[in-house]
Structure formats: C-alpha cells, structure tokens
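Chemist: All residue numbers for the sequence shown refer to the UniProt record's numbering, where the first residue is 1 and numbers rise by one. Dropping the structure in here first, questions after.
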Amino acid sequence: MNYVVESYENYKEEDRLTTNNARKIEFITTTRVLDEVIDAESKILDCAAGTGVYAFWLADKGHDVTATDITPRHIDIINQTLKTKKYSMNTAVLDATDMSCFADDTFDVVLNMEPFYHLLVEQMKEKQGVTEKLKAENQMLWGKDE
1 MNYVVESYEN YKEEDRLTTN NARKIEFITT TRVLDEVIDA ESKILDCAAG TGVYAFWLAD
61 KGHDVTATDI TPRHIDIINQ TLKTKKYSMN TAVLDATDMS CFADDTFDVV LNMEPFYHLL
121 VEQMKEKQGV TEKLKAENQM LWGKDE
C-alpha cells in the first residue's frame, strides 16, 4: 500500500471537493444523503477521512467522529484544523483494511468513502472486517466504488 500513501502525500486532497462545480456537487449530494440517513448525535468512524471534509462536517453537526486515513499528511491536516475547533475528534493513521484497533460494535455509522478501489481483488475480502465495528442494526455507508 505504500504506493497509495506516496500518491496521496503528493496530491492536494484538501482541495479536491472545491476545484470545480462537479466536485462541489459531489459534496452537496453526499452531505444531503448523510443528513437523511444518519441519526442525530451518532458515533461515527470515517475510516478513509482524507483531510477530514466529511468528518468535520459531521462533527460540526454534533456527531462524535473518529477520523482515520492511511496518509499521515491527511491526519496532520485534520489535527491542525482541529486546533481551530471547539470540539475534539479522535484521529489516527490507519489502513482502512485493518480496523482491529477498534472494538466490535463501537460505531453507529462507518463512513467508507472509496478507499477500496486501490485494492487488488484478493485484498477486497479484508474490507469486511470494518463492518464488525458497527453496533448492531446500524449502517455502513460506502463510496461510489461499491
């Protein structure tokens, strides 16, 4: 997975959703869907948070958010942004295929916005482990690669 980290270390993910109108529509559409399907004050894992666009949007709405990403630079950006916020957020550099550091049945929602398109077919089975982190009868939100 080092190629993924190297690629994102040199890509301005923090600008991705603001570079053109199509990207802005992606953000607006995604947040509308999230508003419809996530209950108030949910405990949320954003397991491929990038630089935290959705994690901050959710935390600003009062959710308890944990943001993880495989790219250290992204987590650094999240941590810098957190200094300007009046709330805290757990953050960690983690590979979305290994969420074993979290107990099962921990989160109401797992937000999974497209990290698995980097995986080979044989690695796809590993992603199933992230669903174990959800509390019973809660939801997993997948990005468009699913």
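Note that the Cβ used here is the ideal one computed from N, Cα and C, for glycine as well.
Report the three-state DSSP secondary structure of residue 38 (helix, strand or coil).
Modeler: Walking along the sequence shown from the start, residue 38 turns up at place 38. Reduced to three states, the DSSP call for residue 38 is coil.
Chemist: Spell out a yes or no on whether the region 85-105 and the region 18-28 are touching, meaning 3 or more CB-CB pairs, one atom from each, closer than 8 Å.
Modeler: Flag = no, the region 85-105 and the region 18-28 do not touch.
Chemist: Name the residue from 92, 67, 83 whose alpha carbon lies nearest to the alpha carbon of residue 109.
Modeler: Taking the sequence shown and counting its residues from 1, the one referred to as residue 109 is at position 109. The shortest C-alpha separation from residue 109 is found at 67.
Chemist: Using three-state DSSP, classify residue 135 as helix, strand or coil.
Modeler: As a first step, residue 135 is located in the sequence shown; it is residue number 135 there, counting from the start. Residue state, collapsed to three classes: strand.
Chemist: Quick check: the Cα distance between residue 103 and residue 31, rounded to an integer number of angstroms?
Modeler: Sequence index remark: in the sequence shown, residue 103 carries index 103 (1-based). Sequence index remark: in the sequence shown, residue 31 carries index 31 (1-based). Their Cα atoms are separated by approximately 27 Å.
Chemist: Does the beta-carbon distance from residue 113 to residue 48 come in below 8 Å?
Modeler: What you label residue 113 is simply residue 113 of the sequence shown in a count that begins at 1. What you label residue 48 is simply residue 48 of the sequence shown in a count that begins at 1. A contact, by the Cβ cut-off of 8 Å.
Chemist: Taking only three categories from DSSP, how would you classify residue 98?
Modeler: Translated into the one-based positions of the sequence shown, residue 98 becomes position 98. Three-state DSSP puts residue 98 in coil, outside helix and strand.
Chemist: Report the option in 51, 81, 44 whose CA atom is closest to the CA atom of residue 105.
Modeler: Start at 1 with the first residue of the sequence shown, and residue 105 comes out as number 105. The shortest C-alpha separation from residue 105 is found at 44.
Chemist: If I measure Cβ to Cβ from residue 20 and keep anything under 8 Å in the same chain, skipping five residues before and after, which residues do I get?
Modeler: For the purposes of this step, residue 20 is taken as residue 20 along the sequence shown, with counting starting at 1. Closer than 8 Å at the Cβ level, and outside the excluded window around residue 20, lies no residue.
Chemist: For residue 43, write down the residues that DSSP places opposite it in a beta bridge.
Modeler: As a working mapping, residue 43 is identified with position 43 in the sequence shown. Answer is 64, bridged to residue 43.
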